[in-house]
Amino acid sequence: MTSPGEQLLPINSNGDVVLVRQQVRAVAIQAGLSLVDQTKVVTAASELARNALVYAGGGQVKIEVVRNGVRSGLRLTFSDDGPGIPDIEQALTDGWTTGGGLGLGLSGSRRLVDEFDLQSAPGEGTLVTVTKWSR
Amino acid sequence: MGAILTVQSDAGRRRIEELLQQHEEHVLKRWLEIAATTPGGHTDRGDMTARLTEIYQALRQSFLGSGDTSDLRGLLAELSRSRARQGFAPTETANVVFGLKQAVFELIEGDGDTEGLKGFIWFSRTIDDLGLFTFESYATAREKIILDQAEQLLELSTPVVKLWEGIVAVPLIGTLDSARTQVVMEKLLQTLVETGSEHAVIDITGVPAVDTQVAQHLLKTVVAARLMGAECVISGIRPQIAHTIVTLGIEFGDIVTKASLADALAYTLRQSGVQVTKGRGTRVTVRTEEGD
Ligand SMILES: Nc1ncnc2c1ncn2[C@@H]1O[C@H](COP(=O)(O)OP(=O)(O)O)[C@@H](O)[C@H]1O
Ligand SMILES: [Mg+2]
Numbered sequence: 006m007t008s009p010g011e012q013l014l015p016i017n018s019n020g021d022v023v024l025v026r027q028q029v030r031a032v033a034i035q036a037g038l039s040l041v042d043q044t045k046v047v048t049a050a051s052e053l054a055r056n057a058l059v060y061a062g063g064g065q066v067k068i069e070v071v072r073n074g075v076r077s078g079l080r081l082t083f084s085d086d087g088p089g090i091p092d093i094e095q096a097l098t099d100g101w102t103t104g105g106g107l108g109l110g111l112s113g114s115r116r117l118v119d120e121f122d123l124q125s126a127p128g129e130g131t132l133v134t135v136t137k138w139s140r
Numbered sequence: 244m245g246a247i248l249t250v251q252s253d254a255g256r257r258r259i260e261e262l263l264q265q266h267e268e269h270v271l272k273r274w275l276e277i278a279a280t281t282p283g284g285h286t287d288r289g290d291m292t293a294r295l296t297e298i299y300q301a302l303r304q305s306f307l308g309s310g311d312t313s314d315l316r317g318l319l320a321e322l323s324r325s326r327a328r329q330g331f332a333p334t335e336t337a338n339v340v341f342g343l344k345q346a347v348f349e350l351i352e353g354d355g356d357t358e359g360l361k362g363f364i365w366f367s368r369t370i371d372d373l374g375l376f377t378f379e380s381y382a383t384a385r386e387k388i389i390l391d392q393a394e395q396l397l398e399l400s401t402p403v404v405k406l407w408e409g410i411v412a413v414p415l416i417g418t419l420d421s422a423r424t425q426v427v428m429e430k431l432l433q434t435l436v437e438t439g440s441e442h443a444v445i446d447i448t449g450v451p452a453v454d455t456q457v458a459q460h461l462l463k464t465v466v467a468a469r470l471m472g473a474e475c476v477i478s479g480i481r482p483q484i485a486h487t488i489v490t491l492g493i494e495f496g497d498i499v500t501k502a503s504l505a506d507a508l509a510y511t512l513r514q515s516g517v518q519v520t521k522g523r524g525t526r527v528t529v530r531t532e533e534g535d
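Chains as they are written, first to last, in this note's numbering: chain A, 6 to 140; chain B, 244 to 535.
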């Protein structure tokens with residue numbers, strides 16, 4: 006079930022990744038994030054959505070506005086049923102890539118957001134939750 | 244029960260097949276008349292006559308023997324495609340096909356033909372399927388046309404411009420998905436070769452976000468350009484993008500970056516031996532060095 010403040014978007018194509026970015030931008034504006042923070046969370050969303058597409062063959066993202074006292078923020082939950090990540094610490098190392106990328110998607114995203122949680126195990130898919138708070 | 248119904252409908256079906264054979268000329272003529280009353284049905288009478296005649300033959304063929312409908316479907320798909328290209332609505336194309344039902348029904352109705360009426364139920368369902376099939380092929384054809392157009396737009400929306408003798412620039416605008424970035428970068432490299440330019444400016448002022456994939460495309464392009472003896476300058480990195488790139492951990496190494504396209508142009512002009520001096524007021528004087 007999704008509440009009114011939430012939305013669930015599929016990630017099954019490059020076009021979907023573009024849509025995710027656009028939607029995250031729209032919700033980030035709504036949550037009152039600064040231009041720099043909008044750009045950071047949009048970029049993190051782009052990285053995580055592309056990982057779900059490239060390494061797991063697709064997945065989905067839940068976008069929601071969250072509140073903590075007077076602060077509002079944006080929470081993104083990426084999930085996929087792909088092969089999972091065998092060594093999370095290694096995957097979070099700058100420059101580590103199994104796909105010929107820059108290897109900065111996961112580690113860089115972690116730096117771009119305020120809260121970062123990665124859960125994954127071989128054969129169990131991957132769940133990444135990130136939160137960015139307005140300042 | 245079921246067996247009896249089958250026998251009945253078989254008899255009805257045979258009756259329809261007979262009618263289609265005996266009254267071919269008449270039914271075809273009526274079908275064409277009815278098709279001509281649907282919007283756009285009259286566009287190219289000759290073309291329509293040829294197509295519907297072929298479809299009629301293929302339909303009759305499909306009723307015989309094996310019931311193979313591949314020829315028939317091929318012709319219907321072709322009808323759909325041609326009408327999609329002419330911009331007709333899919334319902335209009337389906338209506339052309341449905342017109343055959345009316346043509347056959349008129350024949351049965353006039354004769355008070357009971358076998359024919361029973362068979363008509365089966366015939367009607369067959370034609371409905373074929374009408375729906377044109378609908379589907381129409382959607383596929385439209386999608387293909389839209390994809391083609393999107394590709395053409397992609398090419399158009401990524402102009403590589405010559406700024407000066409030996410200097411080309413590409414202003415990147417909008418969301419950079421991987422397909423677009425790749426197209427732009429390939430076009431830039433190609434233009435470098437064609438114009439024999441030694442300098443390229445990649446301006447990203449219009450780009451809302453640079454992720455690691457876009458950055459990797461940019462970096463690869465710069466390296467490829469270097470291999471071809473050309474230097475790239477990246478301009479228009481706005482503050483929020485700069486912040487993000489640094490936080491991500493992307494290193495642009497020794498790649499020259501400039502705040503604006505104007506700065507990048509001034510820089511590349513200097514690099515290629517053109518003197519740029521600020522005259523009085525806001526005028527900029529450009530002078531090429533003698534004997535260069
Ligand atoms: N959703 C995922 N499912 C499986 N493996 C993943 C997923 N996301 C990341 N990975 C693994 O982690 C590595 C590092 O990812 P990332 O930091 O985004 O760098 P890159 O995408 O450039 O390789 C990837 O190469 C891949 O092996
Ligand atoms: Mg990645």
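Note that CB positions come from ideal geometry on N, CA and C, so glycine has one too. As the structure is a prediction and not an experimental result, all values here were calculated from the model.
Nearest residue (CA-CA) to residue i, options the options
i, options, result
"residue 376 of chain B", "B/446, B/316, B/486, B/279", "B/316"
"residue 431 of chain B", "B/385, B/464, B/448, B/406", "B/464"
"residue 331 of chain B", "B/301, B/382, B/366", "B/382"
"residue 510 of chain B", "B/487, B/477, B/494, B/486", "B/477"
"residue 445 of chain B", "B/406, B/385, B/471", "B/406"
"residue 25 of chain A", "A/77, A/68, A/62, A/44", "A/68"
"residue 516 of chain B", "B/408, B/475, B/457, B/435", "B/408"
"residue 104 of chain A", "A/28, A/11, A/58, A/48", "A/58"
"residue 474 of chain B", "B/368, B/512, B/326", "B/512"
"residue 117 of chain A", "B/443, B/497, B/503, B/486", "B/486"
"residue 1 of chain A", "A/102, A/60, A/41", "What is shown of chain A runs 6 to 140, which leaves residue 1 of chain A out entirely."
"residue 333 of chain B", "B/497, B/298, B/378", "B/378"
"residue 10 of chain A", "A/62, A/71, A/53, A/37", "A/71"
"residue 368 of chain B", "B/514, B/276, B/292, B/341", "B/341"
Residue i - containing alpha helix (DSSP H), residue span
i, result
"residue 482 of chain B", "482-491"
"residue 10 of chain A", "Per DSSP, residue 10 of chain A belongs to no alpha helix (DSSP H) and is neither H nor E."
"residue 320 of chain B", "313-328"
"residue 295 of chain B", "288-306"
"residue 333 of chain B", "333-354"
"residue 464 of chain B", "455-470"
"residue 494 of chain B", "Premise fails: residue 494 of chain B is in no alpha helix (DSSP H) and is neither H nor E."
Local Cβ density within 10 Å of residue i, reported as buried at 16 or more and exposed below that
i, result
"residue 22 of chain A", "buried"
"residue 140 of chain A", "exposed"
"residue 15 of chain A", "exposed"
"residue 364 of chain B", "exposed"
"residue 56 of chain A", "buried"
"residue 287 of chain B", "exposed"
"residue 31 of chain A", "exposed"
"residue 73 of chain A", "exposed"
"residue 255 of chain B", "buried"
"residue 391 of chain B", "exposed"
"residue 436 of chain B", "exposed"
"residue 269 of chain B", "exposed"
"residue 361 of chain B", "buried"
"residue 34 of chain A", "exposed"
"residue 129 of chain A", "exposed"
"residue 85 of chain A", "buried"
Residue i - DSSP class collapsed to helix/strand/coil
i, result
"residue 69 of chain A", "strand"
"residue 269 of chain B", "helix"
"residue 276 of chain B", "helix"
"residue 380 of chain B", "helix"
"residue 116 of chain A", "helix"
"residue 441 of chain B", "coil"
"residue 80 of chain A", "strand"
"residue 48 of chain A", "helix"
"residue 247 of chain B", "For residue 247 of chain B, the predicted model reports a pLDDT of 44, less than 50, meaning its position is unreliable; a value from the coordinates is still stated below. The answer is helix: DSSP assigns residue 247 of chain B an H, G or I state."
"residue 509 of chain B", "helix"
"residue 357 of chain B", "helix"
"residue 37 of chain A", "coil"
"residue 18 of chain A", "coil"
"residue 23 of chain A", "helix"
"residue 365 of chain B", "helix"
"residue 259 of chain B", "helix"
"residue 110 of chain A", "helix"
"residue 448 of chain B", "strand"
Cross-chain neighbours of residue i in chain B, by beta carbon under 7 Å
i, result
"residue 110 of chain A", "455"
"residue 51 of chain A", "452, 454"
Residues that residue i contacts on chain A, provided the C-beta gap is smaller than 7 Å
i, result
"residue 460 of chain B", "Those within 7 Å of residue 460 of chain B in chain A number zero; the least Cβ separation is about 11 Å."
Residue i: contacting residues in chain B (beta-carbon distance under 9 Å)
i, result
"residue 107 of chain A", "455, 456, 458, 459, 462, 491, 492, 493"
Interface partners of residue i on chain A, CB under 8 Å
i, result
"residue 392 of chain B", "Correct list: empty, because the minimum Cβ distance to chain A is about 15 Å."
"residue 486 of chain B", "41, 44, 45"
Chain B residues whose Cβ lies nearer than 8 Å to that of residue i
i, result
"residue 103 of chain A", "Correct list: empty, because the minimum Cβ distance to chain B is about 14 Å."
"residue 99 of chain A", "492"
Continuous beta strand (DSSP E) stretch holding residue i: start and end
i, result
"residue 133 of chain A", "131-138"
"residue 412 of chain B", "410-416"
Listed by chain order, chain A residues near residue i by CB distance under 9 Å
i, result
"residue 483 of chain B", "39, 40, 41, 42, 43, 44, 45"
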